[in-house]
Amino acid sequence: MIVIINPNSTVAMTETLLATARRMMPEAHIEGWTSHDGPPAIQGAEDGAACIPPLLDLVTEAEAAGARIIIIGCFDDTGLAQARAITDCVVLGIGEAAYARAARLGRFSVVTTLPVSVPVLEGNIAALGLTPRCARVRASGVAVLALETDPATAIPQVLAEARTALAEDDIRSVVLGCAGMVDVAAHAPDFPVPLIDGLRAALERTKTL
């Protein structure tokens, strides 16, 4: 069983992640769990810290329920190291998975939500030793919850920043730096370089485990 844990309390986001995962891997047993004690959205280090204790409780519960693989459905990879330390399950971060896929293609840029998220992602990229591969982490100015509540406005804004990255950054791919951006690539099927979504990258990794 694969359990996708959304560390924020927005059930609609969990449902979107789960629906995407089940379309991608219809043969797999996949569940989506929401951290109801987490913040409504994770935007920056303060939100990330607040969501870790309830997230770790869910990691323990998922292992007890029979999970073999846990995917943390937050692009910040919130609580990833702590989760790996308390379970024998394979724990994947969607940010880490996306960066690994992008790095195989060459230089990449990340398009995330608000400026407060940029330092967190830059730190994660540095910790993975991928700073030389990352041209830039860009804020689109789109709040996390806007991707659920107003996608008609939010998605074009994210894609506009991705096009700016392509024009300015000398890159081979654009990483979509928020779990809520899971549907963005479908709105730009002819984008000149890959738009890499972290959930799909993590699910691809599960196929090799």
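The end of the sequence shown is residue 204 by the working numbering, with every number in the run present.
For each residue, glycine too, the CB sits at the ideal point set by N, CA and C.
Beta-bridge analysis with DSSP links D42 to no other residue.
Every alpha helix (DSSP H) of 4 residues or more that sits fully in the region 127 to 154 is shown, in chain order, as 141 to 144. Annotation: the continuous alpha helix (DSSP H) that includes I89 extends over I89 to L100. Rounded to the nearest angstrom, the gap between the Cα atoms of D165 and G61 is 44 Å. Contact between L116 and D178 is absent: CB atoms are separated by about 20 Å, not below the 8 Å threshold. For R79, same chain residues with a beta-carbon under 8 Å away, outside a window of 5 residues either side, are V86 in chain order. Between the region 41 to 57 and the region 148 to 155 there are fewer than three C-beta pairs closer than 8 Å, too few to call the two in contact. Nearest to A138 by C-alpha distance, out of I37, D192, E91 and H24, is I37.
In the structure shown, the three-state DSSP call for E26 is strand.
DSSP links S168 through a beta bridge to F103. Around the beta-carbon of L204, fewer than 16 other beta-carbon atoms lie within 10 Å, marking it exposed. Taking the Cβ atoms as the reference, I25 lies roughly 10 Å from R18, outside the contact range of under 8 Å. For N3, the three-state secondary structure derived from DSSP is coil. Looking only at T11, T5 and R99, the smallest Cα-Cα distance to S168 is reached by R99. A distance below 8 Å separates the beta carbons of A197 and I89. C-alpha of I191 to C-alpha of A59: approximately 32 Å in a straight line.
Cβ neighbours of I66 within its own chain (closer than 6 Å, five residues either side excluded): I(-1), L87 and A197. Ranked by how close their Cα comes to the Cα of C173, the residues P189, A141 and D185 have A141 in first place.
Residue pairing by DSSP places L190 opposite V169 in a beta bridge.
Straight through space, the alpha carbons of T15 and T55 are spaced by roughly 24 Å. Counting only the Cα atoms, A57 lies some 36 Å from A130.
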